[in-house]
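Q: For the sequence shown, our numbering assigns the number 9 to the initial residue and increments by one for each residue that follows.
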Amino acid sequence: MTSRKFPILIAVVALCAGAVFFASYFVAAEKARSDLHAAGERQLQIVALDLQSILDKFEIMPYALGALADVDQVLHHPDDAAAVQRLNLSLQAIQKQSKVLAIYMMDARGMTLAASNWNEEASFVGRDFGFRPYFAEALAGGSGRFYGIGNISSEPGYFMAQPIYPAGAPRGEGKPIGVMTVKVDLSEFEHTWRSNEDPITLADHSGVVFLSNRPEWKYHSLRPLDGKLQQELAGTHQYADQPITPVAAMPKALRRGFGDHVARAIDKQGWQLMLFPSEARITRIAMLWSMWVALIMAIAAISLWAIYQRRRRLQERLESRDALRRAAQELDATIAVRTQELRVANQALEGKYVTLQQTESLLRSTQNELVQAGKLAMLGQMAAGVTHELNQPLAAIRAFADNAVQFMRRGQLPQVEENLEHISGASAHMGKIIAQLKGFARKSGDAIAVVDVAQTVEAAVLLLRNEFRQQAVAIEIDVRSPVQVMGDVVRTEQVLINLLRNAIDAVETVEYVVDKRVTVIVEHEAGEAVIRIRDSGPGIPDEVAPHLFEPFFTTKPSGKGLGLGLAISSSIVQAMNGRLSAHNLPEGGAEFTVRLPVPAP
Numbered sequence: 009m010t011s012r013k014f015p016i017l018i019a020v021v022a023l024c025a026g027a028v029f030f031a032s033y034f035v036a037a038e039k040a041r042s043d044l045h046a047a048g049e050r051q052l053q054i055v056a057l058d059l060q061s062i063l064d065k066f067e068i069m070p071y072a073l074g075a076l077a078d079v080d081q082v083l084h085h086p087d088d089a090a091a092v093q094r095l096n097l098s099l100q101a102i103q104k105q106s107k108v109l110a111i112y113m114m115d116a117r118g119m120t121l122a123a124s125n126w127n128e129e130a131s132f133v134g135r136d137f138g139f140r141p142y143f144a145e146a147l148a149g150g151s152g153r154f155y156g157i158g159n160i161s162s163e164p165g166y167f168m169a170q171p172i173y174p175a176g177a178p179r180g181e182g183k184p185i186g187v188m189t190v191k192v193d194l195s196e197f198e199h200t201w202r203s204n205e206d207p208i209t210l211a212d213h214s215g216v217v218f219l220s221n222r223p224e225w226k227y228h229s230l231r232p233l234d235g236k237l238q239q240e241l242a243g244t245h246q247y248a249d250q251p252i253t254p255v256a257a258m259p260k261a262l263r264r265g266f267g268d269h270v271a272r273a274i275d276k277q278g279w280q281l282m283l284f285p286s287e288a289r290i291t292r293i294a295m296l297w298s299m300w301v302a303l304i305m306a307i308a309a310i311s312l313w314a315i316y317q318r319r320r321r322l323q324e325r326l327e328s329r330d331a332l333r334r335a336a337q338e339l340d341a342t343i344a345v346r347t348q349e350l351r352v353a354n355q356a357l358e359g360k361y362v363t364l365q366q367t368e369s370l371l372r373s374t375q376n377e378l379v380q381a382g383k384l385a386m387l388g389q390m391a392a393g394v395t396h397e398l399n400q401p402l403a404a405i406r407a408f409a410d411n412a413v414q415f416m417r418r419g420q421l422p423q424v425e426e427n428l429e430h431i432s433g434a435s436a437h438m439g440k441i442i443a444q445l446k447g448f449a450r451k452s453g454d455a456i457a458v459v460d461v462a463q464t465v466e467a468a469v470l471l472l473r474n475e476f477r478q479q480a481v482a483i484e485i486d487v488r489s490p491v492q493v494m495g496d497v498v499r500t501e502q503v504l505i506n507l508l509r510n511a512i513d514a515v516e517t518v519e520y521v522v523d524k525r526v527t528v529i530v531e532h533e534a535g536e537a538v539i540r541i542r543d544s545g546p547g548i549p550d551e552v553a554p555h556l557f558e559p560f561f562t563t564k565p566s567g568k569g570l571g572l573g574l575a576i577s578s579s580i581v582q583a584m585n586g587r588l589s590a591h592n593l594p595e596g597g598a599e600f601t602v603r604l605p606v607p608a609p
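Dropping the structure here:
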């Protein structure tokens, strides 16, 4: 198939598929509508039988009530209060037992003489209902049937009336002397219909809906009413003089579902029982069938496409087999060449790896030597101060020894013992200083041990105590939280000594002696040991801050530093998985912060 014909074929297939889809939709919609109408007719048949059975049950009731003993007496002697009261009580008892809305008796003029609600505020007694159609029908000798809203109670109901003939006269002979009426509540049907999602309505002979599971449709007409019907409704007050408008004139949201319907006549009453099948359900069923058809067509199209693709793949596989055979021969030759090149490159790579290892070992050794050289440089800078520290106890030892000799010659042994104790204390102080120097000067190994941060700070301050004194710098140690870290004690001291010496140099230019101070703060913060070294100097210039930890960068005069102290200190702190940072304080001066991780307990 040529590439030019292929799009045309696709378009033709798409048009045919679309035509089949829409045809299946309309056929399914028509079938669904027919099925729903048939189901609706069956449902209406059941509802109509149920409704008719209820109405027939009460149909004979007014006829039977007309034969009560006191009916004839009250109709002939309406002033007989005792007979009227007995009839009222009888009608009330029967109403409660039968659960109808009301029972009442009218004379030939339509005046109510007795009623079951005689003792209620909205009693029918003394009310004239001669204008109601059911009264006229019964007085004419027939059965009166009428649905409407009560003129007194304002309750809707179904009125059934029968004529009352004089006592002893055969029924149908002579003129009726009264009418017996029973009012029945049909609202129970509405509650039953509400379980159905399709609208169900019951309309009178005028086409006015008076029962429905759509409350908003009640007392609206199925079609516009002409003037004659409007006058008839006004004359009988059937729906309490409410304006009757068509359902079709209601807002769209309220008339949802109104349209195509199935109907069944309730002949005896002249009513129409209607059910409106849901158009949404018809659309849903039609769409479902269309989707099934579309799915089948899609499966068929995919199957045909798969067969077509399989044939193409078989053809391509044969062509590829020949191409692979040729490529395999070329690949074998290329692999041989590449293998030789890789062998040579691998040998060269091995040589570079050995050189890299040697360079790394040399770099590590050089770094350690650089750290040691930094320590020795610090020792040289501290030598004068340490010598001064040792001269004082030596002079004291010499003086106490001379005094002890004199006291011994005099035989004053207690004074000799006291001088010897002073000599012992001075010697211990010298030993502590010398031990601290020896420990700081020795080479640091790779052993990791527990480092007490507070003790390390005190040791560093001890080695620099003479320099603090000579520069008249006040030193303050604030241990807020005792904390320990894992690391190298000697290298930690080296970092602290370097930072403290920088702090001493920073406050050297401060004009007043009382303002020369260095503060060391030790605290535990968020799983880290934090050492803050603050000085009261002029702070770190903005142009210096970015280069502070770069090797060989220094702001000190020539001969006072090589610019390696902070670089080495930062390297030592990073080797302990920590961080070294610096910033200026708002109140003046600078702060160097060492953060070291605290081991988990």
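Virtual Cβ for every residue (Gly too), placed ideally from N, Cα, C. Since the model is a prediction, treat every value here as computed from it, not as a measurement.
Quick check on Q246: buried or exposed, where buried means 16 or more other Cβ atoms within 10 Å of its Cβ?
A: Counting from one through the sequence shown, the residue named residue 246 turns up at place 238. Flag for Q246 reads buried.
Q: Going by DSSP in three states, G567 sits in which element: helix, strand or coil?
A: The count along the sequence shown starts at 1 and reaches residue 567 at position 559. Since pLDDT at G567 reaches only 45, below the 50 mark, its modelled position is unreliable, and no value is offered.
Q: Go through its chain and collect everything with a Cβ distance to A537's Cβ below 6 angstroms, but skip five positions before and after it.
A: By 1-based counting over the sequence shown, the position of residue 537 is 529. Taking C-beta separations shorter than 6 angstroms and ignoring five residues to either side along the sequence, the partners of A537 in its chain run V461, V491, V493, L604 and V606, following chain order.
Q: Which of the three DSSP states, helix, strand or coil, is assigned to W279?
A: The sequence position of residue 279 within the sequence shown is 271, counting from 1. Residue state, collapsed to three classes: strand.
Q: Output the boundary residues of the alpha helix (DSSP H) element that contains T500.
A: In the sequence shown, residue 500 corresponds to position 492, counting from 1. Unbroken alpha helix (DSSP H) run through T500: V497 to A514.
Q: Going straight from the alpha carbon of L507 to that of G547, what length do you get?
A: Here residue 507 corresponds to residue number 499 of the sequence shown, with the count starting at 1. Here residue 547 corresponds to residue number 539 of the sequence shown, with the count starting at 1. When rounded, the distance between both Cα atoms is 14 angstroms.
Q: Using 8 angstroms as the Cβ pair cut-off and three pairs as the minimum, do the region 460 to 477 and the region 501 to 517 touch?
A: The region 460 to 477 vs the region 501 to 517: in contact.
Q: Could you say which of G118, A123 and Y166 lies nearest to L59 if we only look at CA atoms?
A: Here residue 59 is taken as the residue at index 51 of the sequence shown, counted from 1. Nearest of G118, A123 and Y166 to L59, Cα basis: Y166.
Q: Just mark Q100 as buried or exposed, buried being the case when its beta carbon has 16 or more other beta carbons within 10 Å.
A: As a first step, residue 100 must be located in the sequence shown, where it is residue number 92. Buried, because 16 or more other Cβ atoms sit within 10 Å of the Cβ of Q100.
Q: What is the DSSP secondary structure of P15, reduced to helix, strand or coil?
A: In the sequence shown, residue 15 corresponds to position 7, counting from 1. In this structure, P15 counts as helix in the three-state DSSP scheme.
Q: Where do the ends of the alpha helix (DSSP H) carrying I274 lie?
A: Counted from its first residue, the sequence shown places residue 274 at position 266. Boundaries for I274: no alpha helix (DSSP H) harbours it, while the beta strand (DSSP E) harbouring it runs V270 to I274, taken from the DSSP string.
Q: For A271 versus L76, is the C-beta spacing smaller than 9 angstroms?
A: The residue you call residue 271 lines up with position 263 of the sequence shown. The residue you call residue 76 lines up with position 68 of the sequence shown. Contact flag unset, no.
Q: What residue from A148, V133, I62 and S131 has the CA that sits closest to S106's CA?
A: For the purposes of this step, residue 106 is taken as residue 98 along the sequence shown, with counting starting at 1. By alpha-carbon distance to S106, the top candidate from A148, V133, I62 and S131 is I62.
Q: Taking just the CA atoms, how far does L237 sit from H213?
A: Along the sequence shown, read from residue 1 onward, the residue named residue 213 stands at position 205. Along the sequence shown, read from residue 1 onward, the residue named residue 237 stands at position 229. Looking at the two C-alpha atoms, the distance is approximately 10 angstroms.
Q: Mind checking whether D88 and V82 have CB atoms under 9 angstroms apart?
A: Along the sequence shown, read from residue 1 onward, the residue named residue 88 stands at position 80. Along the sequence shown, read from residue 1 onward, the residue named residue 82 stands at position 74. Yes. Within cutoff.
Q: Only counting runs of 3 or more residues, tell me where the beta strand (DSSP E) segments fall wholly within the region 179 to 224, in order along the chain.
A: 186 to 192, 208 to 211 and 217 to 220
Q: Take F600 as the anchor and find which of G545, W313, I68 and A583 has the nearest alpha-carbon.
A: Your numbering for residue 600 matches position 592 in the sequence shown. That would be G545, whose Cα lies nearest to the Cα of F600.
Q: Quick check: the Cα distance between A511 and T527, rounded to an integer number of angstroms?
A: For this step, residue 511 is matched to residue 503 along the sequence shown. For this step, residue 527 is matched to residue 519 along the sequence shown. Cα to Cα, A511 sits roughly 9 angstroms from T527.
Q: Indicate whether the contact test is met: 3 or more Cβ pairs, each with one atom in the region 292 to 309 and one in the region 211 to 228, closer than 8 angstroms.
A: no
Q: When you compare only the Cα positions, how much space is there between P232 and L23?
A: Translated into the one-based positions of the sequence shown, residue 232 becomes position 224. Translated into the one-based positions of the sequence shown, residue 23 becomes position 15. If I take the Cα positions, the gap works out to 46 angstroms.
Q: Check R542 in the structure and name its three-state DSSP category.
A: Position 534 of the sequence shown, counted from the first residue, corresponds to residue 542. R542 falls in the strand class under three-state DSSP.
Q: Using only the alpha-carbon positions, how far apart do A110 and N127 sit?
A: Your numbering for residue 110 matches position 102 in the sequence shown. Your numbering for residue 127 matches position 119 in the sequence shown. Their backbone Cα atoms lie some 12 angstroms apart in a straight line.
Q: Return the Cβ separation of L281 and H269 in integer angstroms, given the expectation that the two are a contact with Cβ distance under 8 angstroms.
A: Position 273 of the sequence shown holds residue 281. Position 261 of the sequence shown holds residue 269. At roughly 10 angstroms, the Cβ-Cβ gap does not stay under 8 angstroms, so L281 and H269 are not in contact.
Q: Distance check for Q478 and G419, CA to CA, integer angstroms please.
A: Here residue 419 refers to the residue found at position 411 when the sequence shown is read from its first residue. Here residue 478 refers to the residue found at position 470 when the sequence shown is read from its first residue. The straight-line gap from Cα to Cα measures roughly 42 angstroms.
Q: Can you give me the Cβ contacts of S489 inside the same chain, cut-off strictly under 6 angstroms, excluding the 5 residues immediately before and after it?
A: Translated into the one-based positions of the sequence shown, residue 489 becomes position 481. Here the set comprises E531 and H532.
Q: Going by DSSP, name the residue or residues bridged to G152.
A: Your numbering for residue 152 matches position 144 in the sequence shown. Per DSSP, A169.
Q: Quick check: what's the CA-CA separation for I529 versus A457?
A: Stepping through the sequence shown from its first residue, residue 529 is reached at position 521. Stepping through the sequence shown from its first residue, residue 457 is reached at position 449. Each residue's Cα considered, the two are about 22 angstroms apart.
Q: Across which residues does DSSP place P594 in a beta bridge pair?
A: Here residue 594 corresponds to residue number 586 of the sequence shown, with the count starting at 1. None; P594 has no bridge partner.
Q: Measure the CB-CB distance between E558 and R525 and report whether it falls below 9 angstroms.
A: As a working mapping, residue 558 is identified with position 550 in the sequence shown. As a working mapping, residue 525 is identified with position 517 in the sequence shown. No. Outside cutoff.
Q: Judging by CA-CA distance, which residue of L194, I252 and I160 is the nearest neighbour of Q239?
A: As a position in the sequence shown, residue 239 is number 231, starting the count at 1. Here the closest residue by C-alpha is I252.
Q: Going by DSSP, which residues form a beta bridge with R333?
A: The sequence position of residue 333 within the sequence shown is 325, counting from 1. R333 pairs with nothing; no bridge assigned.
Q: What number of angstroms, rounded off, separates the C-alpha of L556 from the C-alpha of D513?
A: Counted from its first residue, the sequence shown places residue 556 at position 548. Counted from its first residue, the sequence shown places residue 513 at position 505. Between L556 and D513, the C-alpha separation is close to 15 angstroms.
Q: Taking C-alpha atoms, which residue in R473, L230 and A175 lies nearest to R509?
A: Working through the sequence shown from its first residue, we reach residue 509 at position 501. It is R473.
Q: Could you check what DSSP says for M612 in three-state terms: helix, strand or coil?
A: Outside the modelled stretch of the chain, which goes from 9 to 609, sits residue 612, for which no answer is possible.
Q: For M114, report the span of its alpha helix (DSSP H) as first-last.
A: Here residue 114 is taken as the residue at index 106 of the sequence shown, counted from 1. Annotation for M114: no alpha helix (DSSP H) segment contains it, though the beta strand (DSSP E) segment containing it runs A110 to D115.
Q: Distance, Cα to Cα, W225 vs D234?
A: Stepping through the sequence shown from its first residue, residue 225 is reached at position 217. Stepping through the sequence shown from its first residue, residue 234 is reached at position 226. In a straight line, the C-alpha of W225 is about 19 angstroms away from that of D234.
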